[in-house]
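In the numbering used here, the protein residues as written are 13 to 482.
C-beta atoms are modelled at their ideal positions from N, C-alpha and C, and glycine is treated no differently.
Remember, predicted model here, so these are calculated numbers, not experimental data.
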RNA sequence: GGUGCCGUACCCAAGUGGUAAGGGACAGGUCUGCAAAACCUCCAUGCAUCGGUUCGAAUCCGAUCGGCACCUCCA
């Protein structure tokens with residue numbers, strides 16, 4: 013089963029054929045490290061991780077590159093906003109470098125706890141200013157730039173296929189759009205490659221350049237760094253769906269104008285996580301972080317499981333009820349697998365039965381075609397419940413599937429055995445004694461008392477279990 | 001103003017021409033002093049609405065209603 017993937021450029025599912033036999037270069041737009049990632053951001057990295065794992069599963073030699081944006085990402089209003097990093101610095105009193113270090117660290121803490129594989133190369137924009145300047149010079153030599161009002165602009169009129177990815181109809185864009193006309197631009201869709209002028213003072217990050225001291229435009233870093241690490245043409249470029257019409261459109265323009273050849277073969281975009289009010293946005297103020305989910309008693313893997321239940325090209329509706337369902341589902345799944353492991357005594361067997369091979373083939377078919385993870389997850393459930401496959405063989409299949417799902421399906425018990433106060437243990441002990449002499453009225457009264465103290469006592473087949481109420 | 005996506009049970013969600021995956025919740029049963037757990041069963045003649053095409057439609061076409069997103073920063 014060959015891999016197939018939906019390509020935003022063609023708006024269709026295409027067979028995946030790498031540029032170089034057996035090798036794949038993949039670039040994914042990374043975080044702007046001016047704040048914590050919200051769980052909507054993280055959904056995109058989960059989808060990219062699934063793609064990473066599928067390509068590796070199929071035997072490709074993958075080079076996965078992701079940028080860290082720590083300069084040049086403006087906050088609003090086209091090219092007139094303030095740099096997000098600088099604004100955060102001004103608000104917090106920390107240096108931009110400290111801000112970047114802090115949120116970069118928290119980003120990788122989040123992705124790590126979600127079992128997202130760290131890309132082979134992670135690169136910071138501020139470490140590649142030289143490459144960006146070189147790219148602007150190439151564009152300049154080929155006549156794609158102009159200087160106006162102190163800034164260097166890319167002229168989209170010099171790049172005839174501008175907007176092909178987003179299927180923009182350029183002649184219809186300007187009317188009625190919410191774009192304030194920038195007097196410096198020849199075309200309203202032109203964008204800045206290098207700033208030497210801004211509306212604000214005190215920009216702390218700035219570099220010397222042939223056009224004066226300044227800083228790069230945001231789109232530039234992805235072109236410069238992807239080409240540095242993956243070459244002037246590579247296979248896959250990922251990102252959130254919101255990047256199609258501006259960021260990726262501009263990346264294509266500046267990259268292909270500079271090299272004169274096709275830059276990226278497959279464009280793959282992930283849809284948004286939304287809630288009942290619409291998309292999650294940091295600019296709304298409050299936003300959901302993975303830390304908040306943990307505080308509320310969810311495992312990061314509950315969230316991963318939740319994301320696995322929806323297709324990456326569909327909006328996914330978040331609610332606490334939906335997350336509860338995912339948590340319950342994952343908990344039950346782990347229970348099933350635990351009993352399978354006990355039945356098999358932890359020993360795996362080769363996948364040799366007809367039923368086992370059929371399950372594997374079904375699973376591989378689903379993951380290979382445009383990341384049909386929800387169906388693959390359903391196959392896992394039927395496997396877990398199957399009566400036709402031995403427990404030992406199930407373990408092998410589960411291990412194989414988990415190389416994609418990455419839900420720690422075969423991990424030992426999550427050791428969150430928390431300290432139960434002695435007082436509670438005493439009451440539970442009294443209850444057990446009362447039960448022994450069949451004084452159920454007293455036993456129930458004690459159970460109520462324990463409940464009122466915030467704990468639940470259950471009689472399981474392995475004895476009494478006490479858990480703290482959530 | 002322009003453009004795209006979507007509307008499937010109480011909730012999340014898969015399914016793009018062959019008769020509605022999966023999970024959670026709910027309900028019933030077995031078991032247990034009860035509760036819990038476990039296991040079993042049940043759970044949309046129906047896919048926003050109305051028309052059309054077809055032997056056959058959640059899937060294709062048209063209209064209507066509703067939601068989301070993009071054309072500004074955005075995963």
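With contacts defined by Cβ atoms closer than 7 Å, residue 207 and residue 224 do not form a contacting pair. In this structure residue 67 touches residue 36 by the C-beta definition: roughly 6 Å separates them, less than 8 Å.
Looking at the DSSP output, residue 75 bridges to 37. The beta carbon of residue 137 sits closer than 6 Å to the beta carbons of 81, 82, 83 and 233 from its chain, once the five residues preceding and following it are set aside; these are given in chain order. Looking only at 78, 205, 278 and 23, the smallest Cα-Cα distance to residue 158 is reached by 205. Counted as a single uninterrupted DSSP element, the alpha helix (DSSP H) harbouring residue 147 occupies residues 141-153. For the 7 Å CB-CB criterion, residue 314 and residue 17 do not form a contact.
In this structure, residue 202 lies away from residue 257, with their beta-carbon atoms at least 7 Å apart. Two segments are said to touch when three or more pairs of C-beta atoms, one from each, lie closer than 8 Å; by this definition the segment 20-33 touches the segment 273-291.
For residue 478, the secondary structure class from DSSP, reduced to helix, strand or coil, is strand. If the five residues before and after residue 326 are omitted, its C-beta is found closer than 8 Å to the C-beta atoms of 283, all from its own chain and listed in chain order. For residue 157, DSSP records a beta bridge to 166. The segment 349-358 and the segment 97-107 do not touch, with fewer than 3 CB-CB distances between them shorter than 8 Å. Residue state for residue 312 is assigned as helix, using DSSP reduced to three classes.
Here residue 24 carries a strand assignment [DSSP, helix/strand/coil]. Taking the Cα of residue 422 as reference, the smallest distance to any Cα among 416, 431 and 411 is reached at 411. Inter-residue distance for residue 303 and residue 338 is about 17 Å (C-alpha atoms, whole angstroms). Inside the segment 348-435, DSSP marks no whole beta strand (DSSP E) run of 3 or more residues. Nearest to residue 285 by C-alpha distance, out of 50, 31 and 74, is 50.
In the three-state DSSP reduction, residue 18 falls in the strand class (E or B). For residue 263, the closest alpha carbon among the candidates 171, 459, 322 and 406 is that of 171. Looking at the DSSP output, residue 219 shares a beta bridge with 226. In the structure shown, the three-state DSSP call for residue 256 is helix.
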